[in-house]
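In my numbering, the protein residues as written are 618 to 812.
Below: the structure, in structure tokens.
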């Protein structure tokens with residue numbers, strides 16, 4: 618049972634990693650991610666970006682991902698497709714402006730802790746480059762756009778760290794939303810949009 622539970626957690630972690638790639642091109646990068654390696658504890662899994670693109674574009678599971686399809690319910694498969702095909706509707710200038718603020722730098726630092734690269738000094742810069750290039754692409758900022766723009770052939774993601782980081786980022790987001798609601802109420806504004 619213990620091994621089965623660990624395998625189930627790993628499957629969930631893989632789904633989450635595909636979704637994360639994180640939430641995640643001005644010109645085609647000289648080097649772009651070809652593989653995403655998802656790690657949870659001692660287990661790791663390698664996914665070809667090309668296979669994820671095929672899945673997103675056709676809805677059909679390519680041979681490189683067929684082994685993982687066995688572990689997904691039809692609903693989970695639809696969720697993965699939804700995440701792969703989702704786009705963030707943020708204009709490129711807004712992404713660029715955000716990433717040059719202290720908040721943006723904090724977000725980049727948090728996301729950088731999820732990834733494992735040979736050169737930790739370039740992690741944040743690589744993530745920033747991928748986000749900016751993906752935001753400038755025709756299709757806009759998306760998980761696949763981020764992966765296609767990531768300037769290294771391999772992106773490693775630590776799922777255990779990712780869950781922790783995204784939990785903190787989500788908590789910070791909702792705290793900010795609550796703060797904005799309270800400010801609006803104190804100022805007596807009625808037409809303010811805080812979402």
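Cβ atoms here follow ideal geometry from the backbone N, Cα and C, with glycine treated the same way.
- Contacts around residue 713, its chain only, beta-carbon distance under 8 Å, and the 5 residues preceding and following it disregarded: 749 and 752
- Item | Range covered by the beta strand (DSSP E) that runs through residue 652 | 652-657
- Message: Measuring alpha carbon to alpha carbon, tell me which residue in 704, 650, 696 and 782 is nearest residue 666.
- Response: 650
- DSSP three-state call for residue 751: helix, strand or coil? helix
- Which same chain residues, not among the five before or five after residue 703, have their C-beta less than 8 Å away from its C-beta? 759 and 760
- Message: Just to confirm my understanding: we take residue 663, look at its own chain, exclude 5 residues before and 5 after, and list those with CB closer than 7 Å. What are they?
- Response: 652 and 654
- Just the Cα atoms here: how many angstroms apart are residue 782 and residue 802? 30 Å
- Message: Within the continuous beta strand (DSSP E) that includes residue 689, where are the two ends?
- Response: No beta strand (DSSP E) holds residue 689; DSSP gives it neither H nor E.
- Task: Along the alpha helix (DSSP H) that carries residue 830, what are the first and last residues, could you check?
- Result: The requested residue 830 is not part of the displayed model; the chain covers only 618 to 812.
- Query: How would you call residue 659, buried or exposed, if buried means at least 16 neighbouring beta carbons within 10 angstroms?
  - Reply: So residue 659 ends up on the exposed side.
- Would you check if the region 722-734 and the region 769-779 touch, i.e. whether three or more CB-CB distances between them fall below 8 Å? Output reads yes: the region 722-734 touches the region 769-779.
- Query: DSSP on residue 707, reduced to helix/strand/coil?
  - Reply: coil
- What separation, rounded to the nearest whole angstrom, lies between the Cα atoms of residue 799 and residue 747? Their backbone Cα atoms lie some 35 Å apart in a straight line.
- Query: Taking the Cβ atom as the reference point for each residue, do residue 757 and residue 705 lie within a distance shorter than 8 Å?
  - Reply: Yes, they are a contact pair.
- Message: Assuming contact is defined by CB atoms lying nearer than 8 Å, are residue 669 and residue 689 in contact in what I supplied?
- Response: no
- Item | N- and C-terminal bounds of the alpha helix (DSSP H) containing residue 761 | 760-766
- Span of the alpha helix (DSSP H) around residue 725: 719-731
- Query: With a Cβ-Cβ cutoff of 8 Å, do residue 715 and residue 745 count as a contact?
  - Reply: no
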